[in-house]
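Quick note, the sequences are listed as chains A and B, same order. In terms of numbering that gives the first Met the number 0, the first sequence opens at residue 0 and continues consecutively. In terms of numbering that gives the first Met the number 0, the second sequence opens at residue 0 and continues consecutively. Worksheet: the structure to be examined is printed underneath.
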Amino acid sequence: MALLEVKNLDVRFAVRGGDLKALRGISFSLDKGERLGLVGESGAGKSVAAFSILNLIARPGYIAGGQILFEGTDLAAMSERELSKIRGNRIAMIFQDPMMTLNPVLTIGTQMVEAILAHRRISKKAARDIALDRLKKVQIPSPEKRLEQYPHELSGGMRQRVIIAIALLLDPEIIIADEPTTALDVTIQAEIMALLLDLCEQENVALMLITHDLGVVSQVTQRMLVMYSGRIIEQGPTREIINDAQHPYTQGLINALPQMGEPGERLFQIPGSMPSLKNVPSGCPFHPRCRFATGQCKQAMPDYVRSGNVDVACYEVSNLIEQEKHMQEAES
Amino acid sequence: MTSPLVRIRGLEKRFDLSGGLLEQIKFEGGRFRRKQEAVHAINGVDLDVNRGEALCVVGESGCGKSTVARTVMGLLSPSAGEIEYDGNRIDHLEGKDVLPYRRKMQMIFQNPYASLNPRMTIQQTLEEPIRFHHPDWSPMQIRDKIHEVMHSVGIDPDWGSRFGHEFSGGQRQRIAIARALAVDPEFIVADEPISALDVSIQAQVLNLLMDAQESRGLTYLFITHDLAVVEHFGTRVAVMYLGRVCELADTQTLFATPRHPYTQALLSAIPKLEDDRPNHIRLQGEVPTPVNLPSGCVFHGRCPYANDRCRQEIPELIATDGGARVACHAVEEGRL
């Protein structure tokens, strides 16, 4: 059994003039110790997907359907009280902006001890020892001193290390990291990503990494899923997708990277931009921007087909697979 | 060899932190003292921007790259040093004398949500610079020009009566580019023009900037933190660290054989698609504050090759055999 299994998750935002469908039936799973990347551009629904796992989506957002099975129990059906026993304890989250996550008027130590005591009945002294141990794990220089410091006294990279230390406090099974390095400089980003990867491997923690950076996904994750307009359009082993993407959107995303183009030549570009949730196109949401779009694509959302170890939702890909089958049959 | 279009010499910029006179007075050791503090954003930068090239300035936050851009544009006045445009010094000009340069030099900012006036239609946004710089143009001429620039950035000219908020981020950045192109500039300073955009939109805007360069013969000073973009877009690259240029080279040379230890670390930190694990060069510590600059080479505190000379003497940019100019004692002495 997978550690976390999301089935047909449907998340909507109730606004005037009807519901906005932020997630339209997404399904994926995460095994113990596995590292999964969620990739997509702004508005694809990757953060909503991450937040809804712990039911952290604020009103007017709500989970309209589907299941989030964590070790077999449905998180979507749990009460706030039951959920609070899981949040931060079994499943921890790391957000993009460390300054927003840390309380500016409490010392690092106070915040860490508070988080431990919310879940464990131990003495303050013991909690402080755990906090110190985690700060050492994230390789912060002079960790004892940091416990007494306030967040504003630390640099951006140091703050994100503290956030990772807090996520590790209670030995979670899953860490959900939402763009953990986007606000940081390149060299600091590399340090933090390497640290997160090392720690997840050492402690055998599963990682769900939300990012728009395909380079980071390729360095850190084993499997990835690509989201577009509230749907998963492609998922499978990271290496396989990066090397040989099937969906035209994923292909476009990879080919649009400056490192894929010849220096000085025009880059490959996907025309247009992601549709807003207010007017999602019919059928495959990518069809208005797709080179291969046909009448079929406008009518209904394509089902997933398997190509290698990758699941893709695209008529073009499924037609190609069909053709190949026919050719093989004809040959034999 | 022709003279450079923009020549920057000995540029320095300090931002005073200490406030008014009364705030500067501190009581220390039994007596009152006047204490002044400043952020040393740029500390002696020499750069030439050649005609028709795209000079990229890269570095991490706080290295002074945006300050260089703003000082060149005259949005900030330099604390020391000179800026020449086409052989004429422009950094001390005031009032009417600046105007001809303002037309030739245009700027594109990072955030298209902040750089377009929300109360103006696109038509008005594009009209304003043209009216200002060409007061003698007829309404027909202005309309044709707006039509032409909107067309060239891929925005439907019929959308002129819309407001900025009706457009997506990528479209807004196109409009900001159209506004810069409207007065037929020669030189464009682009400060992180694609950093706020999504990957697929970044490619569109980057292509647009390259097309404009080709069709209009533009010269760019391109500020960015994204080295992958530099490799694709730049003719030459200047790497900055704590207000100084530490390496200046042709793009190909820099990416093939980075010489300065900081450039090497920076290049190794870009996550690449073919990587299976992060494999960056680990630097010690963090970027020091530009309030109290380290002595000697600004990078010595984090450099694995630093010795006593690095701690005392500031390295100059020196040409190497590879064609790059590097400010590093270790490279100069052949230790690296």
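Glycine residues also receive a C-beta, built at the ideal position from the N, C-alpha and C atoms.
N- and C-terminal bounds of the beta strand (DSSP E) containing residue 244 of chain B: Counting from one through the second sequence, the residue named residue 244 of chain B turns up at place 245. Residue 244 of chain B -> beta strand (DSSP E) spans 243-249.
Neighbouring residues, chain B, relative to residue 212 of chain A (Cβ below 7 Å): Start at 1 with the first residue of the first sequence, and residue 212 of chain A comes out as number 213. Those within 7 Å of residue 212 of chain A in chain B are 270.
Between residue 65 of chain B and chain A, is the shortest Cβ-Cβ distance under 8 Å, so that the two count as touching? Stepping through the second sequence from its first residue, residue 65 of chain B is reached at position 66. It does not; no Cβ of chain A falls within 8 Å.
Using Cβ-Cβ distances below 7 Å, what residues of the stretch 259-286 of chain A are close to chain B? For the stretch 259-286 of chain A, the residues whose beta carbon sits under 7 Å from a beta carbon of chain B are, in order, 260, 262, 265, 266, 267, 268, 269 and 272.
Using a C-beta to C-beta distance shorter than 9 Å, which residues of chain B count as neighbours of residue 181 of chain A? The residue labelled residue 181 of chain A in the question sits at position 182 within the first sequence. In chain order: nothing, as chain B lies at least about 11 Å away.
Three CB pairs or more closer than 8 Å across the stretch 276-286 of chain B and the stretch 222-238 of chain B: Cβ pair count under 8 Å is below three, so no.
List the residues of chain A whose Cβ lies closer than 8 Å to the Cβ of residue 146 of chain B, in chain order. Translated into the one-based positions of the second sequence, residue 146 of chain B becomes position 147. None at all; the shortest Cβ gap to chain A is about 22 Å.
Residue 95 of chain A (DSSP reduced to helix, strand or coil): Locating residue 95 of chain A in the first sequence gives position 96, counting from the first residue. Looking at residue 95 of chain A - three-state DSSP - the assignment turns out to be coil, as it is neither helix nor strand.
Use the C-beta contact count for residue 218 of chain B: other C-beta atoms within 10 angstroms, 16 or more gives buried, fewer gives exposed. For this step, residue 218 of chain B is matched to residue 219 along the second sequence. Answer is buried; the Cβ neighbour count reaches 16.
Would you decide whether residue 352 of chain B is buried or exposed? Buried here means 16 or more other CB atoms lie within 10 Å of its CB. Nothing can be reported for residue 352 of chain B, as the shown portion of chain B is limited to 0 through 335.
Can you tell me where the beta strand (DSSP E) with residue 236 of chain B in it begins and where it stops? Residue 236 of chain B sits at position 237 when you count from the first residue of the second sequence. Residues 235-240.
Taking DSSP as the reference, what is the three-state secondary structure of residue 55 of chain B? Indexing the second sequence from 1 puts residue 55 of chain B at position 56. When secondary structure is reduced to three states using DSSP, residue 55 of chain B falls in the strand class.
Using a threshold of 8 Å, state whether the C-beta atoms of residue 11 of chain B and residue 43 of chain B are closer than that. What you label residue 11 of chain B is simply residue 12 of the second sequence in a count that begins at 1. What you label residue 43 of chain B is simply residue 44 of the second sequence in a count that begins at 1. Contact flag set, yes.
From A:253, A:279, A:227 and A:274, pick the residue whose C-alpha is nearest to that of residue 313 of chain A; which is it? In the first sequence, residue 313 of chain A corresponds to position 314, counting from 1. Distances from the alpha-carbon of residue 313 of chain A to those of A:253, A:279, A:227 and A:274 put A:227 closest.
At which residues does the beta strand (DSSP E) containing residue 95 of chain B begin and terminate? For the purposes of this step, residue 95 of chain B is taken as the residue at position 96 of the second sequence. Taken as a continuous stretch (DSSP letters only), residue 95 of chain B belongs to no beta strand (DSSP E), as it is neither H nor E.
Note the first and the last residue of the continuous beta strand (DSSP E) segment covering residue 217 of chain B. In the second sequence, the residue the question calls residue 217 of chain B occupies position 218. Here residue 217 of chain B belongs to no beta strand (DSSP E), and DSSP marks it neither H nor E.
Determine contact between the stretch 21-28 of chain B and the stretch 161-169 of chain B, defined as no fewer than three beta-carbon pairs at a distance below 8 Å. Cβ pair count under 8 Å is below three, so no.
Residues of chain B with a CB under 9 Å from the CB of residue 233 of chain A: which are they? Within the first sequence, residue 233 of chain A is the residue found at index 234, counting from 1. For residue 233 of chain A, none of the residues of chain B pass the 9 Å Cβ criterion, the least Cβ distance being about 15 Å.
N-terminal and C-terminal residue of the alpha helix (DSSP H) that residue 313 of chain B is part of: On the second sequence, residue 313 of chain B is found 314 positions in, with the first residue counted as 1. The continuous stretches of alpha helix (DSSP H) do not include residue 313 of chain B, and DSSP gives it neither H nor E.
To be precise: take each residue of the stretch 283-295 of chain B, compare its Cβ to all Cβ atoms of chain A, and keep it if any distance is under 7 Å. Which residues remain? Interface annotation for the stretch 283-295 of chain B against chain A: 285, criterion Cβ-Cβ distance under 7 Å.
Interface partners of residue 231 of chain B on chain C, CB under 8 Å: In the structure shown, chain C does not exist; the protein chains are A and B.
How would you call residue 237 of chain A, buried or exposed, if buried means at least 16 neighbouring beta carbons within 10 angstroms? Mapped onto the first sequence, residue 237 of chain A falls at position 238. Taking all protein chains shown into account, residue 237 of chain A has 16 or more neighbouring C-beta atoms within 10 Å of its C-beta and is therefore buried.
Just the chain B side, please: which residues come within less than 8 Å of residue 252 of chain A by C-beta, in chain order? Position 253 of the first sequence, counted from the start, is the residue given in the question as residue 252 of chain A. Simply 198 and 199.
Between residue 314 of chain B and chain A, is any beta-carbon pair separated by less than 8 Å? Position 315 of the second sequence holds residue 314 of chain B. No, no contact with chain A.
Please list, in chain order, all residues of the same chain as residue 91 of chain A whose beta carbon is under 6 Å from its beta carbon, the five residues on each side excluded. As a position in the first sequence, residue 91 of chain A is number 92, starting the count at 1. Annotation for residue 91 of chain A: 166, 171 and 174 place their beta carbon closer than 6 Å to its own, counting only its chain and skipping 5 residues before and after.
Tell me residue 44 of chain B's beta-bridge partners as DSSP assigns them. For the purposes of this step, residue 44 of chain B is taken as residue 45 along the second sequence, with counting starting at 1. Per DSSP, B:10.
Rounded to whole angstroms, what's the CA-CA distance from residue 77 of chain B to residue 68 of chain B? Just pull it up for me. As a first step, residue 77 of chain B must be located in the second sequence, where it is residue number 78. As a first step, residue 68 of chain B must be located in the second sequence, where it is residue number 69. Going from the Cα of residue 77 of chain B to the Cα of residue 68 of chain B covers about 11 Å.
Indicate the three-state DSSP secondary structure (helix, strand or coil) for residue 287 of chain A in the structure shown. Position 288 of the first sequence, counting from 1, holds the residue named residue 287 of chain A. Looking at residue 287 of chain A - three-state DSSP - the assignment turns out to be helix.
Pairing CB atoms from the stretch 213-226 of chain A with CB atoms from the stretch 296-304 of chain B, are three or more of them under 8 Å? Output reads no: the stretch 296-304 of chain B does not touch the stretch 213-226 of chain A.
If you count every other CB in all the chains shown that lies within 10 Å of the CB of residue 270 of chain A, and 16 or more means buried, which is it? Taking the first residue of the first sequence as 1, we reach residue 270 of chain A at position 271. Counting Cβ neighbours within 10 Å, residue 270 of chain A comes out exposed, since fewer than 16 surround it.
CB residue 234 of chain A to CB residue 302 of chain A, shorter than 8 Å? By one-based count along the first sequence, residue 234 of chain A stands at place 235. By one-based count along the first sequence, residue 302 of chain A stands at place 303. Not a contact, by the Cβ cut-off of 8 Å.
Measuring CB atoms only, is the stretch 7-26 of chain A touching the stretch 85-104 of chain A, in the sense that at least three cross pairs come out at less than 8 Å? No, the stretch 7-26 of chain A is not in contact with the stretch 85-104 of chain A.
Residues of chain A with CB closer than 8 Å to the CB of residue 279 of chain B, please, in chain order. In the second sequence, counting from the first residue as 1, residue 279 of chain B sits at position 280. What residue 279 of chain B touches in chain A: 186, 189, 190 and 193.
Drop a sphere of 10 angstroms on the beta-carbon of residue 325 of chain A, count the other beta-carbons inside from all chains shown, and report buried for 16 or more, exposed for fewer. In the first sequence, the residue the question calls residue 325 of chain A occupies position 326. Classification for residue 325 of chain A: exposed.
Quick check: residue 350 of chain B and residue 104 of chain B, are their CB atoms within less than 8 Å of each other? Past the edges of chain B, shown from 0 to 335, lies residue 350 of chain B, and the structure says nothing about it.
How would you write the range of the beta strand (DSSP E) that residue 149 of chain B sits in, first residue to last? For this step, residue 149 of chain B is matched to residue 150 along the second sequence. It is not in any beta strand (DSSP E) - residue 149 of chain B instead sits in the alpha helix (DSSP H) that spans 138-151.
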